[in-house]
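Student:
Protein chains: 2
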Amino acid sequence: MDKLHDKESQPSAPARGGGAGKNGDGAERHEAIYRAISDAIIEHQLLPGARLREDALAEVFSVSRTGIRKILQRLALEQLVTLTPRRGASVTRPTASEARDVFAARQLVECGLMPDVARRITPEDVRDLRQMARAERDALGRSEKSRAIKLSAAFHERLGELSGNAALAGFIRQLCSRSSLILAVYGNTGHLGCESHDHDDLVGYLERGEGTNAKAFMQRHLREVEASLAVVEEQAGAPDLHQIFGLGGH
Amino acid sequence: MDKLHDKESQPSAPARGGGAGKNGDGAERHEAIYRAISDAIIEHQLLPGARLREDALAEVFSVSRTGIRKILQRLALEQLVTLTPRRGASVTRPTASEARDVFAARQLVECGLMPDVARRITPEDVRDLRQMARAERDALGRSEKSRAIKLSAAFHERLGELSGNAALAGFIRQLCSRSSLILAVYGNTGHLGCESHDHDDLVGYLERGEGTNAKAFMQRHLREVEASLAVVEEQAGAPDLHQIFGLGGH
DNA sequence: AAGTGTATTTTTGTATACAAAAAGGGGCGA
DNA sequence: TCGCCCCTTTTTGTATACAAAAATACACTT
Chain A
0 MDKLHDKESQ PSAPARGGGA GKNGDGAERH EAIYRAISDA IIEHQLLPGA
50 RLREDALAEV FSVSRTGIRK ILQRLALEQL VTLTPRRGAS VTRPTASEAR
100 DVFAARQLVE CGLMPDVARR ITPEDVRDLR QMARAERDAL GRSEKSRAIK
150 LSAAFHERLG ELSGNAALAG FIRQLCSRSS LILAVYGNTG HLGCESHDHD
200 DLVGYLERGE GTNAKAFMQR HLREVEASLA VVEEQAGAPD LHQIFGLGGH
Chain B
0 MDKLHDKESQ PSAPARGGGA GKNGDGAERH EAIYRAISDA IIEHQLLPGA
50 RLREDALAEV FSVSRTGIRK ILQRLALEQL VTLTPRRGAS VTRPTASEAR
100 DVFAARQLVE CGLMPDVARR ITPEDVRDLR QMARAERDAL GRSEKSRAIK
150 LSAAFHERLG ELSGNAALAG FIRQLCSRSS LILAVYGNTG HLGCESHDHD
200 DLVGYLERGE GTNAKAFMQR HLREVEASLA VVEEQAGAPD LHQIFGLGGH
């Protein structure tokens with residue numbers, strides 16, 4: 000999937016004067032903008048419900064609305080943003096049933112993949128995973144919640160890639176992104192995403208090729224993460240009336 | 000070409016609220032166009048490799064290229080069409096490894112869902128499924144291959160919906176669409192998609208709430224479908240050199 | 001006659017302009 | 001003073017215009 004590295008060594012640095020005009024040809028630029036917005040959402044810099052006005056984004060990234068719309072549409076298909084017909088784009092606020100579905104899907108897919116991962120994993124993969132788990136633990140130790148959440152998602156996504164199945168890896172990637180959103184809405188401040196040494200322990204099982212154990216562990220792990228959420232049907236916590244009566248009356 | 004004839008058939012009643020398009024407002028119109036193209040691909044009216052030029056589609060559907068591009072982008076994200084940077088859109092030609100991945104994913108997800116479906120299914124659902132299975136068998140009997148393929152995909156998609164998990168249902172929908180493409184490339188003319196009475200038998204298991212049996216049956220069913228394919232790494236049939244040396248580096 | 005380089009034509013990529021709809025604000029009337 | 005309606009402003013939806021790149025055709029050279 001990393002075809003974007005083909006032209007990384009672009010010899011001619013476009014010496015475009017104006018500070019606004021950035022370099023990089025269109026496709027890569029769009030990809031970068033997509034990732035910037037996506038990351039901001041996953042890291043909870045943009046919270047669910049936040050409005051994403053096309054003009055504002057176009058100005059921030061110095062492109063026209065056309066490109067922004069394309070990116071917004073892609074994010075909408077990945078369920079990270081919600082596109083309301085004449086109302087524009089906003090960061091998706093997952094419903095309780097969506098949260099249930101996402102975690103049920105992760106239970107099925109991520110657990111089902113553990114045996115494959117245990118069979119295919121290489122020592123380098125183990126090293127990478129260990130490093131990711133450590134970075135995540137460090138972030139948690141420093142109470143960098145956003146960073147920890149992102150790293151946790153990245154860990155699970157990496158596991159998906161290690162399955163060797165691109166279709167499933169893509170699906171897992173999407174599920175992990177949505178999980179970040181779910182955490183933003185239903186997350187308990189006291190109980191962060193994937194806590195403790197779960198990820199380290201999981202790598203241990205995988206390293207020893209114990210697929211069945213890894214699967215069971217992942218099952219428990221995901222169950223714990225979901226149980227730590229305060230998933231209530233109605234958001235009684237901080238219901239801003241604008242959302243309910245202004246926009247939500249659809 | 001005469002571009003001025005875009006709206007020749009437009010009754011043009013700008014009386015009030017000026018309907019944006021002909022019938023149905025913009026969003027529904029786009030949805031209809033999306034479905035038309037999507038169906039054409041799934042039914043093998045548009046074969047893998049077929050070019051989808053924006054201008055041509057825009058003229059056919061009497062909309063501007065803007066809307067077509069949006070639809071094409073969505074189809075690309077669903078992997079039904081491939082968007083090559085300065086080359087435009089074409090119906091995706093699945094590779095052998097993609098075919099493997101898609102069927103492995105279906106094995107995991109569709110089979111894993113059978114217990115849930117068996118638990119949740121209602122008599123009306125059973126009736127619907129039976130009817131779909133019958134329509135498919137009829138189409139097969141009349142050698143309407145395209146129609147049978149589409150109905151088979153619809154059957155599996157319906158099963159996904161019956162799981163009650165929207166996230167998984169969407170994923171299955173995508174996998175089934177891609178399976179149609181795979182069938183178009185690697186399908187054996189003699190051995191059509193889901194043959195015999197498999198679907199009927201499956202409904203029987205589900206109706207009786209035998210989730211485990213349904214799961215095992217689905218496993219065998221998907222294995223048979225995949226086994227009926229002639230998945231070879233290289234397409235020996237019509238290897239156009241443009242594909243191999245021009246684009247096909249991957 | 002074959003191959004290569006160039007010009008034309010087609011086709012995509014991007015920005016901008018224009019129109020419709022919704023949100024917000026202010027004025028008018030009761 | 002409060003409530004309702006209209007007008008302005010903001011924001012999205014769509015089409016079109018223009019530019020860049022690729023495909024194609026053609027001519028010229030060897």
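Line by line, the protein sequences are chains A and B. Letter 93 of the first sequence, counting from 1, is numbered 92 in numbering that gives the first Met the number 0, and no numbers are missing. Letter 65 of the second sequence, counting from 1, is numbered 64 in numbering that gives the first Met the number 0, and no numbers are missing. For every residue, glycine included, the Cβ atom is placed at its ideal position computed from N, Cα and C.
#1: Rounding to the nearest angstrom, what Cα-Cα distance links A:G25 and A:S63 in this structure?
#2: Around the Cβ of B:T65, are there at least 16 other Cβ atoms within 10 angstroms (buried) or fewer (exposed)?
#3: Check whether the region 95-106 of chain A touches the region 197-212 of chain A, counting contact only when three or more Cβ pairs, one atom from each stretch, lie closer than 8 angstroms.
#4: How would you label B:V108, buried or exposed, when you count the other beta carbons within 10 angstroms and need 16 or more for buried?
#5: Can you list the residues of chain B that A:K69 reaches, using a CB-CB cut of under 9 angstroms?
#6: For the alpha helix (DSSP H) that contains A:V202, what are its first and last residues?
#7: In the region 98-120 of chain B, which residues sit with their C-beta less than 7 angstroms from some C-beta in chain A, listed in chain order?
#8: Residues of chain A with CB under 7 angstroms from B:L76, in chain order?
#9: Grab the span of the alpha helix (DSSP H) containing A:L76 for me, first residue to last.
#10: With H, G and I counted as helix, E and B as strand and the rest as coil, what does DSSP make of B:V230?
#11: Run through DSSP, which three-state label would A:L82 get?
#12: Between B:S145 and the rest of its own chain, which residues show a CB-CB distance below 6 angstroms, the 5 nearest in sequence each way excluded?
#13: Need the endpoints of the beta strand (DSSP E) that A:A88 sits in, please.
#14: Could you check which residue in A:R177, A:G159, A:E160 has the C-alpha nearest to that of B:A166?
#15: Do the region 120-137 of chain B and the region 212-231 of chain B make contact, defined as three or more Cβ pairs closer than 8 angstroms?
#16: Would A:A152 and A:Y185 be called neighbours here (beta carbons separated by less than 8 angstroms)?
#17: What would DSSP say about A:G247, mapped onto helix, strand or coil?
#18: In the DSSP assignment, what are the bridge partners of A:R50?
#19: Is the Cβ of B:L180 closer than 8 angstroms to any Cβ of chain A?
#20: Candidates B:L46, B:P47, B:A31: which alpha carbon is nearest B:S61's?
Tutor: Straight from the coordinates:
#1: 12 angstroms
#2: exposed
#3: no
#4: buried
#5: R68, K69, Q72
#6: 197-206
#7: D100, V101, A103, A104, L107, V108, G111
#8: R73, L76
#9: 64-76
#10: coil
#11: strand
#12: E42, H43
#13: 87-90
#14: A:R177
#15: no
#16: no
#17: Unreliable placement is indicated for A:G247, whose pLDDT of 46 sits below 50; the coordinate value is still reported in the next sentence. Three-state DSSP puts A:G247 in coil, outside helix and strand.
#18: A:S89
#19: no
#20: B:A31
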